[in-house]
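> Numbering (the numbering used here), first residue to last: -2 to 82.
Even for Gly, the Cβ is constructed at its ideal location relative to N, Cα and C.
Note that this is a predicted model, so its numbers are computed, not measured.
What follows is a structure written as structure tokens; I'll ask about it next.
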Ligand code: SF4
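Structure representation (structure tokens):
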């Protein structure tokens, strides 16, 4: 099991839906505020964090690269940002 994580700086989400299209297994839209929600995430201060499986890494790196406001990060087990690796 991977220890890679997704970090979502949700406050700045503009609700474009790109992450949901790219990786529907990890993302869904919230009908109440129109922002994306990271599935199975834990809130830590003002960000949401979720561990992901190896098979989910590439789709979420792509989701992060496509996010127009750059508020998705994929980090490895050491906390290094691997979004653009
Ligand atoms: S791609 Fe970024 S701005 Fe668009 S819904 Fe997802 S998190 Fe929000």
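So, with DSSP's three-state summary, where would you put residue 61?
helix
> If distances are taken between C-alpha atoms only, which option among 60, 24 and 2 comes closest to residue 41?
2
> Applying the criterion that 16 or more other CB atoms from any shown protein chain within 10 Å of the CB defines a buried residue, is residue 9 buried or exposed?
exposed
> Residue 48 and residue 34 - do their beta-carbons sit closer together than 8 angstroms?
no
> Between 5, 16, 12 and 7, which has its C-alpha nearest residue 63's C-alpha?
16
> Can you find a heavy atom of the ligand SF4 that lies under 7 angstroms from the Cβ of residue 36?
For the ligand SF4, not one heavy atom lies less than 7 angstroms from the Cβ of residue 36.
> Express the C-alpha separation of residue 28 and residue 58 in angstroms, rounding to a whole number.
25 angstroms
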